[in-house]
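I have placed the structure first, in the form of structure tokens, so that the comments after it can refer back to it.
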Amino acid sequence: MAVEPFDAVDLIAAKRDRGTLTTPQIQWLVEAYTRDYVADSQMSALAMAILLNGMTRQEIRDLTMAMVASGERLDFSGLGKPTADKHSTGGVGDKITLPLMPLVACFGVAVPQLSGRGLGHTGGTLDKLESIPGWRASLTNEEVFAQLAGPVSGVICAAGAGLAPADKKLYALRDTTGTVEAIPLIASSIMSKKIAEGTGVLVLDVKFGSGAFMKDFAKARELAQTMVELGTDAGVATSALLTDMNVPLGLTIGNANEVRESVEVLAGGGPADVVELTVALAREMLTLAGQPDADVEAALKDGRAMDQWRAFVTAQGGDPDAALPEPRETHTVTAPEAGVLTKQDALAFGIAAWRLGAGRARQEDPVVHAAGIELHAKPGDTVAAGQPLFTLAADDAARFERALEALDGAWAIGEASDHTHSPLVVERIGANS
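Heads up: the sequence shown at position 90 corresponds to 90 in full-length UniProt numbering, and the numbers run straight through without jumps.
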């Protein structure tokens with residue numbers, strides 16, 4: 001039996017005492033944990049020490065690259081075109097990937113968008129797209145390469161099991177040990193998968209506020225800066241936009257309804273905030289991919305982005321003309337008085353949509369594609385007494401009561417002076433920020 005070069009207990013003690021782990025120590029730790037030599041209990045202790053004491057930039061880089069090395073690494077250099085991807089830290093009504101991927105692909109940039117499913121109040125891109133009859137999320141690596149190389153020039157699909165398997169183990173552990181909030185672990189988790197994915201350009205949409213994973217702006221900014229540094233150190237052109245998630249994005253929260261809204265954007269319409277963020281992220285991706293002058297607004301208006309969307313849906317087995325699921329039951333809440341809508345709490349609306357069946361409590365739970373919420377007004381809008389504010393949708397009317405409980409106090413009507421407009425995109429962070 002080979003002698004192990006390090007002892008997990010020593011590494012735990014070093015981080016507990018605010019020490020710094022070396023590159024060989026971290027490489028061994030991740031490799032030994034992946035092969036089950038380092039126990040979950042030991043990795044739990046180390047994760048808590050990292051949460052409390054942090055890691056240096058070099059340590060985070062070593063941890064990220066060790067997780068990349070634990071599995072396969074895709075290589076798109078043979079495509080003959082630049083590659084660009086976007087990652088969002090998640091929010092309520094965040095359907096941006098759907099219009100963004102075909103919009104960027106219009107300009108000859110390959111977009112390998114490996115996405116996930118929703119859990120809790122945060123929706124999942126794959127769940128939304130599976131509202132489309134026939135559309136499939138699982139592609140082989142060969143199918144991904146062929147779709148990127150061809151005229152579709154983009155995929156949205158599930159990440160393969162071979163990408164960063166060490167992260168999958170550690171992610172599950174963090175969820176049960178109170179260490180989810182550790183920024184070094186969040187950053188290395190996200191970036192290990194994105195670096196292993198093989199994209200040349202990565203733009204991060206890091207959200208803050210009520211409906212975001214990171215509620216606090218300063219913490220969100222720290223996470224964004226850390227991830228940009230990791231991408232840059234790995235040779236990936238990386239930037240981040242810090243975006244407000246105190247209010248739901250767009251006018252729909254759910255799955256099928258968010259697909260409908262995304263198609264409206266691709267048709268040159270849609271809510272102003274969804275269009276604004278889609279355009280901002282597309283410009284950022286294309287600028288880093290060497291096309292700073294690309295006219296993304298024109299591609300939305302003249303039908304190019306829509307054509308790309310239809311080709312993408314068809315390529316993955318879906319019917320872009322098929323009817324999307326409709327709810328069996330709806331319940332509309334109206335304004336009790338005239339005034340200005342001053343509050344619309346993203347977290348509460350996300351939880352309500354989850355309770356309606358649009359989300360899942362466990363990864364293996366199904367979602368109800370027709371369930372969700374349609375917003376008829378946004379903060380700053382003037383409303384009349386009796387005017388619809390939002391409509392709940394579900395397949396079972398018994399779900400409305402708990403959804404309405406989640407929304408108690410989540411919205412308010414007042415005077416125009418009570419509403420403060422906040423910008424959607426607050427800051428850009430680049431490699432030299």
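Each residue gets a CB set at the ideal place from its N, CA and C atoms; glycine is no exception.
In its chain, beyond the 5 residues on either side, Leu341, Val383 and Leu389 have a beta carbon closer than 6 Å to the beta carbon of Ala377. When the alpha-carbon of Ala39 is set against those of Leu52, Asp17, His419 and Ile12, the nearest one is in Ile12.
Nearest C-alpha to Thr238 among Glu229, Arg355 and Asp244: Glu229.
For Trp28, there is no enclosing beta strand (DSSP E); the residue is found in the alpha helix (DSSP H) stretching over Thr23 to Thr34. Across the set Phe213, Val333, Phe312 and Val368, the C-alpha of Val368 shows the shortest separation from the C-alpha of Glu326. CA-CA distance, Ile253 to Gly268, rounds to 20 Å. Per DSSP, reduced to three states, the secondary structure at Thr382 is strand.
DSSP links Leu375 through a beta bridge to Phe390. Each residue's CA atom was taken as its position, placing His331 and Leu392 some 5 Å apart. In this structure, the alpha-carbon of Met55 lies about 16 Å from that of Ile190. Secondary structure note for Lys194: its alpha helix (DSSP H) is the uninterrupted segment Ile183 to Glu197. Bridge pairing for Phe208: Met214 and Asp244 [DSSP]. Counting every other CB atom within 10 Å of its CB across the protein chains shown gives Asp319 a total below 16, marking it as exposed. For Asp381, same chain residues with a beta-carbon under 6 Å away, outside a window of 5 residues either side, are Leu341 in chain order. Per DSSP, Trp354 has no beta bridge partner at all. For Lys168, the enclosing alpha helix (DSSP H) begins and ends at Pro165 to Asp175.
In the three-state reduction of the DSSP assignment, Asp17 falls in the coil class. Bridge partners of Asp85 according to DSSP: Leu202.
Residue nearest to Gly19 within the set Met285, Ile50 and Thr226 is Ile50 (criterion: CA-CA distance). With contact defined as three or more Cβ pairs closer than 8 Å, the segment 57 to 66 and the segment 92 to 104 are not in contact.
Taking 8 Å as the cut-off, the Cβ atoms of Ala240 and Val206 count as close. When the beta-carbon positions are compared, Pro112 and Thr199 come within less than 8 Å of each other.
Here DSSP, grouped into helix, strand and coil, assigns Pro102 to helix. The beta-carbon separation of Trp135 and Gly317, rounded to 6 Å, stays under the 8 Å limit for a contact. The DSSP assignment places 272 to 288, 296 to 301 and 304 to 315 as complete runs of the alpha helix (DSSP H) inside the segment 270 to 347, in order along the chain (cut-off: 4 residues). Around the beta carbon of Val30, a 10 Å sphere encloses 16 or more other beta carbons of the protein chains shown; the residue is thus reported as buried. The beta carbon of Ile132 sits closer than 8 Å to those of Val259, Val313, Gly318, Asp319, Pro320, Ala322 and Leu324, all from its chain and outside the five residues before and after it, given in chain order. Annotated as proximal: Leu249 and Asp94, with beta-carbon spacing under 8 Å. Nearest to Ala105 by alpha-carbon distance, out of Pro82, Gly162, Gly124 and Thr122, is Pro82.
Following the DSSP letters along the chain, one finds Glu427 inside the beta strand (DSSP E) bounded by residues Val425 to Ile429.
Looking at the DSSP output, Trp135 sits in no beta bridge, so it has no partner there. Here Val368 carries a coil assignment [DSSP, helix/strand/coil].
Taking every protein chain shown into account, the CB of Glu4 has fewer than 16 other CB atoms within 10 angstroms, so this residue is exposed.
For Val111, the enclosing beta strand (DSSP E) covers residues Val111 to Ser115.
Rounded to the nearest angstrom, the Cβ distance from Ala346 to Ser210 is 5 Å, consistent with a contact under 8 Å. Around the beta-carbon of Asp85, 16 or more other beta-carbon atoms lie within 10 Å, marking it buried.
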